[in-house]
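Since the structure comes first, as structure tokens, the remarks are kept for the end.
In UniProt numbering, the protein residues as written are 1 to 538.
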């Protein structure tokens, strides 16, 4: 007897609908699986055989042939166990075909018949809905994750025996009891009217009230007003930030405060970052859509594969887990230069591509890079009273960061050592707090959303040369000023465009529609440390 069951396969961040075809026929008993299968899928035969036996549904003495299509795509992972087992049960007449014909089934089987969780259930459920299926049958531990998809019915099963009993019901599965029609995601209207910006900002401020209570606050950082300003500019336009300063100056604490001034995730962004964690297999049982922007801080010994993703069965790396959030690289010069250079393409394209024989896997990597480093091996350059490093040692230390990575940084800021008055004086701890800084960031973000509505752009940092000419037009005086800067600082084309994008963000923070010379001047100042430490300009 022939049967068909639908399941979901993963290829990068995307899922596709796979069809499990099972034929049980007379002949020499056997169990064959075909369809360009990976080792994990091939090993499913023994897991399925034993799981069915322990679920009191042992395989009859027939020849079973399983084909998983499309055969042109490489099948990987353990999520095919359950759909193959259900397909066998249908082929042998234990379960009616009609009960599963409109279902997407995914799950791993243990030898006892336990149905174990698998990664990627969220994109699989989204694809099932897109393809018009009516329900998903998933492991019980993946139930909350699958229920994030609205408009499709979800059944979570903990063991194969339970699932068989449910599917063997003579009247079919009782919809009103076992399935839940989840309408979870909020329906929000995108308002791009500039007059309503303050209302949107106020609403978002309420959504971040709880978040602000658990994140470090900029009010706890003594002094460093210049670096705080740089952090606000970076957060407002989603620009990359590099902090340079001696040990103990507060670079790490400043970086950890940045998430407290970022706007909350939109519904679409929450779905995106949750989807990444689902594909990576990092979703916790019962977890819903992620609420907070990711903050990923890898150790400097991180491997290239862990940072960018990969493996025999490719999975997202740390830069993808930082999607829509912050990737913080502390002690930047301690990272291997080859590892840092892997960030060059993802920083530009906001995605990472992993090539394998089975195809090319694409994962998102739209992150805000925040990096911190010392200016020399001892950390005190250019203070010659404390620094004992030779010029050659300083240069070799700084050259651990390649020029292309530096060229992709938008903001360079020096973090100076705090004196006693700054730590314990009357004015200590009187700086702006994260709440007030977040309000500035969100107002600037609102202006960007209104400006780029319907274009696919969201932040000033995403502007290409064509968009810069359209949205960042300069007056005659500003053009002449930029020409002077271009020649004086010997700017590259990339550095020139980064200054313009920064100036656009600074104008948004000031509530201005046009870029003024003061904005260009401040933006150019954020490139000065580049020339000071790396002995080059631009």
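The C-beta atom is built at its ideal place from N, Cα and C for all residues, glycine as well. Only a predicted model underlies this, so the values are computations on that prediction, with no experimental measurement involved.
Note on the region 223-286: whole beta strand (DSSP E) runs with a minimum of 3 residues are 241-244, in chain order. Between residue 298 and residue 324, the C-beta gap is not smaller than 9 Å, which leaves the two residues out of contact.
Assignment of residue 381 by DSSP, reduced to helix, strand and coil, places it in the coil class.
One Cα belongs to residue 395, the other to residue 351, and the distance between them is close to 32 Å. Unbroken alpha helix (DSSP H) stretches of 4 residues or longer found wholly inside the region 112-162: 121-130 and 143-146, given in chain order. Residue 370 is bridged by DSSP to 241 and 328. The alpha carbon of residue 73 has as its nearest neighbour, out of 150, 161, 18 and 391, the alpha carbon of 18.
Secondary structure in the region 302-349: the beta strand (DSSP E) runs of 3 residues or longer, each lying completely within the stretch, are 326-329 in chain order.
When C-beta atoms of the region 98-111 are compared with those of the region 63-71, fewer than three pairs fall below 8 Å, so the two segments do not count as touching.
Look at residue 28 here: in three-state DSSP terms it is coil, with no helix or strand label. In this structure, the straight-line span from the alpha carbon of residue 237 to that of residue 155 is close to 42 Å. Each residue's CA atom was taken as its position, placing residue 162 and residue 287 some 24 Å apart. The count of Cβ pairs closer than 8 Å, one atom from the region 32-45 and one from the region 145-160, stays below three, leaving the stretches out of contact. For residue 22, the closest C-alpha among the options 8, 1 and 160 is that of 1. Per DSSP, residue 85 is one residue of the alpha helix (DSSP H) stretching across 81-91. Comparing alpha carbon positions, the residue from 108, 436, 274 and 132 closest to residue 138 is 108. Residue 249 sits close to residue 416, with the two beta carbons spaced by under 9 Å.
When C-beta atoms of the region 326-334 are compared with those of the region 389-408, three or more pairs fall below 8 Å, so the two segments count as touching. Taking 9 Å as the cut-off, the Cβ atoms of residue 5 and residue 87 count as close. If you check the CB distance, residue 111 and residue 50 come in under 9 Å. Along the length of the region 458-504, whole alpha helix (DSSP H) runs at least 4 residues long occupy 465-471 and 476-488, reported in chain order. For residue 385, the number of other beta carbons within 10 angstroms of its own is below 16, and it is reported as exposed. Residue state for residue 391 is assigned as helix, using DSSP reduced to three classes.
Residue 364 and residue 318 have their C-alpha atoms spaced approximately 11 Å apart. With a cutoff of 9 Å on beta-carbon distance, residue 241 and residue 413 are scored as near each other.
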